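S.K.:
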Amino acid sequence: MQQGGCFCGALRYEIEAGESHVVNCHCSICRRTSGAPFVTWILLTSDQFELIVGAPAILQSSNHGTRWFCERCGTPIAFQTNQRPGKIDVTVCSLDDPNPCPPREDVYVETGLGWSNVE
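Those letters in the sequence shown? Residues 1480 to 1598, per our numbering, in order.
(1) Counting along the chain, where does the beta strand (DSSP E) carrying T1560 start and finish?
(2) Opposite Q1481 in the DSSP bridges: which residues?
(3) Who are L1523's beta bridge partners in DSSP?
(4) Helix or strand or just coil, what does DSSP make of V1588?
(5) Sorted by chain position, which residues of the same chain lie with C-beta nearer than 6 Å to E1584's C-beta, five sequence neighbours on each side aside?
(6) Does C1509 come out as helix, strand or coil in the three-state DSSP assignment?
(7) DSSP puts R1583 in a beta bridge; with which residues?
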């Protein structure tokens, strides 16, 4: 098990290690909702994720996706889409120790920033 949460501590969660894929997403929605050039996500099944403290605010960021974040400090925590039922993407840098989760792939690079040096 690995734990994570938001900056202020109002949200805490656990993820279960196992089969997962880690990606840097360069889509415009990830950039706008994070204020960063890309977001690194660990892709999990819903049963690998458990909220243990608090309840996230939820933003409907597209017609198929919702984003979870802390209402107090704004930290992005997770993303779910109806295009992948039973899955949840968790922001790697909200983990207490993100070091064991290096990205293996960059996605939506065609919409990424020209200066992000990703092809």
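Each residue gets a CB set at the ideal place from its N, CA and C atoms; glycine is no exception.
Here the structure is a predicted model, which means the values were calculated and not measured.
M.R.: Reading off the structure:
(1) P1555 to T1560
(2) I1494
(3) I1567
(4) Per DSSP, reduced to three states, the secondary structure at V1588 is helical.
(5) V1502
(6) helix
(7) R1583 is not bridged to any residue.
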